[in-house]
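Shown next, in structure tokens, is the structure this report addresses.
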Amino acid sequence: MHQWLPQEIVEALEAAWTSEEKGSAFTEQIAAVAQTEVTEALLAECERAGYLTRRHDNQWRLTALGRQTAEEIIRRHRLAERLVVDVLRMTLEESEADACEFEHLVAPGVTEAICTLLGHPRFCPHQHPIPPGACCQRAETQAPSLVATADRLDIGQTARIAYLSAANFPRLQKLSALGLAPGAVIKALQKYPSFVIQCDETQIALEREIAREIYVFTNACD
Ligand SMILES: [Zn+2]
Ligand SMILES: [Zn+2]
Numbered sequence: 120m121h122q123w124l125p126q127e128i129v130e131a132l133e134a135a136w137t138s139e140e141k142g143s144a145f146t147e148q149i150a151a152v153a154q155t156e157v158t159e160a161l162l163a164e165c166e167r168a169g170y171l172t173r174r175h176d177n178q179w180r181l182t183a184l185g186r187q188t189a190e191e192i193i194r195r196h197r198l199a200e201r202l203v204v205d206v207l208r209m210t211l212e213e214s215e216a217d218a219c220e221f222e223h224l225v226a227p228g229v230t231e232a233i234c235t236l237l238g239h240p241r242f243c244p245h246q247h248p249i250p251p252g253a254c255c256q257r258a259e260t261q262a263p264s265l266v267a268t269a270d271r272l273d274i275g276q277t278a279r280i281a282y283l284s285a286a287n288f289p290r291l292q293k294l295s296a297l298g299l300a301p302g303a304v305i306k307a308l309q310k311y312p313s314f315v316i317q318c319d320e321t322q323i324a325l326e327r328e329i330a331r332e333i334y335v336f337t338n339a340c341d
């Protein structure tokens with residue numbers, strides 16, 4: 120669906136989505152976050168294609184179709200960022216991909232496979248939410264994931280932390296202060312009633328919700 124949209128429309132839709140995410144869809148904000156120039160002509164083109172609509176106060180908003188299309192693009196963009204950082208082990212800058220071109224790294228047909236491989240991540244490396252796909256709702260566990268959340272570890276299993284995806288920055292700092300940082304090896308000691316892990320010589324009890332914010336590599340580590 121809409122796999123080969125012109126790049127400027129893709130960027131206008133990404134910009135419209137991002138500005139809605141920030142709480143407004145006004146034309147100036149769409150222009151402010153867009154990588155390329157968002158002209159009236161481009162907005163009108165998006166309107167003709169059924170992606171944007173101009174409200175009575177002259178501000179642009181995404182239509183249902185526009186929102187659905189933008190969501191798919193944003194999802195691929197943010198999954199691609201995770202792919203670069205977690206699998207290719209590069210910073211986003213090192214990858215030399217243009218900020219507006221990350222979505223090209225994940226083809227529409229393999230989005231679910233990549234999402235599953237990455238363990239259905241909920242946030243991109245910028246901590247922006249990744250719109251969930253059908254695979255995330257199914258919480259697919261049969262397909263092999265490269266990365267999974269720590270609460271999936273079996274008792275006695277060790278794994279290296281791939282990344283943290285805490286809901287907020289203070290929590291991220293708290294986890295880091297406990298030594299739970301990318302690269303650290305953790306071992307699951309207990310799953311009920313609380314989730315207890317060992318990291319270095321320290322035993323740490325975590326709420327399940329927090330264990331789900333720690334993503335670990337599922338390949339064996341020694
Ligand atoms: Zn991002
Ligand atoms: Zn998923």
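All residue numbers for the sequence shown refer to my numbering, where the first residue is 120 and numbers rise by one.
We treat Cβ as the ideally placed atom computed from N, Cα and C, and that holds for glycine.
Predicted model, so just to flag it, every value in this text is computed and none were measured.
DSSP-derived helix/strand/coil call for residue i
i: Arg186; result: helix
i: Val157; result: coil
i: Leu162; result: helix
i: Leu198; result: helix
i: Thr137; result: helix
i: Arg208; result: coil
i: Glu132; result: Looking at the sequence provided, one finds Leu at residue 132 rather than Glu. Helix, per DSSP.
i: Ala296; result: helix
i: Ala168; result: coil
Opposing strand residues paired with residue i [DSSP bridges]
i: Trp179; result: Arg173
i: Leu325; result: Phe314
i: Ala307; result: Ile316
i: Val335; result: Ala267, Ile280
Cβ neighbour criterion (16 or more within 10 Å) applied to residue i
i: Ser138; result: buried
i: Arg173; result: exposed
i: Asp341; result: Bear in mind that the predicted position of Asp341 carries a pLDDT of just 46, short of 50, making it unreliable; the figure below should be weighed with that in mind. Exposed.
i: Leu272; result: buried
i: Glu222; result: buried
i: Tyr170; result: buried
i: Gly238; result: buried
i: Thr117; result: Outside the shown range of the chain, which is 120 to 341, sits residue 117, and nothing can be said about it.
i: Glu326; result: exposed
i: Ser284; result: buried
i: Ala267; result: buried
i: Ile305; result: buried
i: Glu133; result: buried
Q) Fully enclosed by the stretch 214-294, which alpha helix (DSSP H) runs are 4 residues long or longer? A) Fully enclosed alpha helix (DSSP H) runs of 4 or longer: 230-236, 253-257.
Q.
For the stretch 241-250 against the stretch 305-323, do three or more pairs of beta-carbon atoms, one drawn from each stretch, fall closer than 8 Å, so that the two count as touching?
A. With a cut-off of 8 Å, the stretch 305-323 and the stretch 241-250 do not count as touching, because too few Cβ pairs lie within range.
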